[in-house]
Amino acid sequence: EDSMTSHTPKPPFKGLLLDVYGVLEYKGEPCPGALEFIQEINRRKVPYRLLTNSTLQSRQSMADKLQAYGFEVSPDKVVTASSASAGYLRSQNAKSIRIIIDGKGTDEFAGLPIDEENPEWLVLGDARDGFNFRNINIMYRQLLAGSKLLVMIPNVTSKEKDGPEITVGGYGKMLELAIGKPAVWIGKPSPTMFEVAMGEMGLSKEQVLMTGDNVHIDVDGAKNAGVASGLMLTGEFQDKRPGPDDNPDYVFENILDILKLL
């Protein structure tokens with residue numbers, strides 16, 4: 109309750125939080141105006157962070173991907189679900205962890221002590237084919253033995269190139285239900301990722317605008333963190349219009365419209 113603002117923060121804003129997929133790039137191409145937008149906020153030295161619920165990507169690998177599209181983005185401007193999770197565990201002085209994850213996201217956990225048998229924290233990311241009967245039961249038993257559960261993203265399903273998939277949050281909710289104890293949830297729409305990003309920028313929630321194309325993940329996530337919310341009518345949202353319950357603070361047809369609020 110105390111993380112919510114009683115009123116909407118008003119422009120001009122000092123810093124920006126931006127969703128990556130659907131705002132900067134969508135289906136393998138930069139979104140309209142996005143390359144010019146990043147160029148302009150770099151030129152103006154506006155503090156910003158690019159937020160992605162990808163657990164498979166590290167800050168470096170996501171920056172590399174965006175640079176390949178032509179974006180002038182350095183790794184320190186990116187916050188992935190894996191980097192936010194690692195940051196949270198460092199802030200908790202984690203004694204030991206076991207990471208369930210595939211891909212480059214594992215790079216973010218360098219330096220944190222690993223214990224595969226009896227970890228203080230079981231850290232659940234996208235394990236792809238690792239989500240099998242044997243492995244899920246090992247996780248369940250470790251949690252029963254006292255490990256704490258951190259789930260990198262709340263997304264239960266995702267849309268992939270070859271069709272819809274059950275993803276990390278689905279397995280996280282199952283384990284949470286099985287052990288009867290709440291997990292720590294990191295990615296959007298949980299406030300943790302927003303708080304990590306704002307902490308890095310040294311800005312308060314009143315100074316920041318979060319913009320994304322997904323009402324539940326980006327707009328609701330901004331509200332959960334007490335931050336002003338912008339909805340981009342691109343990416344996942346391009347075929348719709350905001351409904352009465354979507355309720356973002358701002359609606360943008362083009363990313364360049366955000367510049368008016370800085």
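If you want the working numbering, it's the 1-based position in the sequence shown plus 108.
Using N, Cα and C, we set each Cβ at its ideal position, and we do this for glycine too.
Predicted model, so just to flag it, every value in this text is computed and none were measured.
Rounded to the nearest whole angstrom, the C-alpha separation of I207 and F121 is 37 Å. S193 has its alpha-carbon roughly 14 Å from the corresponding atom of G277. The Cβ-Cβ distance between P227 and I246 does not fall below 8 Å. Rounded to whole angstroms, the gap between the alpha carbons of N201 and P221 is 10 Å. For V187, the enclosing beta strand (DSSP E) has its first and last residue at V186 to T188. In the displayed model, R157 falls within a strand according to three-state DSSP.
For I146, the uninterrupted alpha helix (DSSP H) segment begins and ends at A142 to R151. Among the bridge pairs identified by DSSP, M340 is matched with F360. Secondary structure of G320 (DSSP, three-state): strand.
By the criterion of a C-beta distance shorter than 8 Å, L143 is surrounded in its chain by Y177, G178 and F179, once the five residues flanking it on both sides are discounted.
Looking at the backbone, the Cα of L257 and that of Y134 are separated by about 32 Å. When DSSP states are grouped into helix, strand and coil, P262 belongs to the coil group. Between I209 and T163, the CB-CB gap stays under 8 Å.
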